[in-house]
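K.L.:
Just add 2 to the spot in the sequence shown (first one is 1) and you have our numbering.
Each residue gets a CB set at the ideal place from its N, CA and C atoms; glycine is no exception.
Quick one: the structure is below, questions incoming.
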Amino acid sequence: MGIIITKCTDRDYQKIAQAITDFNFDHLPPDSSDNMTSLGFVVKDAKAGVVGGVYAKLLLGNCLSIDLLWMDEEFRMRGLARQLMQTLEDAAKKLNSQLSIVDTFDFQALGFYLKCGYSVFGVLDDCPCVGNKRYYLKKALY
3 MGIIITKCTD RDYQKIAQAI TDFNFDHLPP DSSDNMTSLG FVVKDAKAGV
53 VGGVYAKLLL GNCLSIDLLW MDEEFRMRGL ARQLMQTLED AAKKLNSQLS
103 IVDTFDFQAL GFYLKCGYSV FGVLDDCPCV GNKRYYLKKA LY
């Protein structure tokens, strides 16, 4: 037949990522990709260096998708993570983002995201392990 399944290379990934991006753009308004970009901010301490950060992407120019948020344990409970989130959301709003999404496990930052105004729209049981939950949250940015 000539068809095989093999391990994906970086070059293969680029091809399939471009193909799905092209497909998505064919089904969305023409300006939906205008603000596709990555956004990231860090908190630095003069002695310790980077002690926290947040990284996200604007998907198709409208939806802010938060990939990661971390704060060194020593610097938690000082409002720094909230400031990071506010900085990120403000930057996304300036790029006309109207929605922010994030996911977190039950042992991570669910309470934090709820305090930041996010609401749960989905839960995946037994993820990443039996007995755990993965929460999917959203927040309107307008």
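Using the Cα positions of Lys180 and Gly133, report the straight-line distance between them to the nearest angstrom.
P.N.:
Only positions 3 to 144 of the chain appear in the structure, and residue 180 is not among them; the question remains open.
K.L.:
Can you list, in chain order, the residues of its chain with a C-beta nearer than 6 Å to that of Lys59? Leave out the 5 residues immediately preceding and following it.
P.N.:
On the sequence shown, residue 59 is found 57 positions in, with the first residue counted as 1. Cβ neighbours of Lys59 beyond the five flanking positions: Ser40, Ser67.
K.L.:
Pull the bridge partners of Val132 from the DSSP assignment, please.
P.N.:
Residue numbering aside, residue 132 sits at position 130 when the sequence shown is read from its first letter. Beta-bridge pairing links Val132 to no other residue.
K.L.:
Check whether the segment 117–127 touches the segment 71–82, taking contact to mean three or more Cβ pairs, one atom from each stretch, closer than 8 Å.
P.N.:
no
K.L.:
Under a three-way DSSP split, which group does Thr23 fall into?
P.N.:
Start at 1 with the first residue of the sequence shown, and residue 23 comes out as number 21. Helix, per DSSP.
K.L.:
Quick one: measure Cβ to Cβ for Gln100 and Leu143, integer angstroms, because I've assumed they're closer than 8 Å.
P.N.:
Indexing the sequence shown from 1 puts residue 100 at position 98. Indexing the sequence shown from 1 puts residue 143 at position 141. About 6 Å; that satisfies the 8 Å criterion.
K.L.:
Does the beta-carbon distance from Tyr57 to Asp69 come in below 8 Å?
P.N.:
Here residue 57 is taken as the residue at index 55 of the sequence shown, counted from 1. Here residue 69 is taken as the residue at index 67 of the sequence shown, counted from 1. Yes, Cβ-Cβ distance for Tyr57 and Asp69 is below 8 Å.
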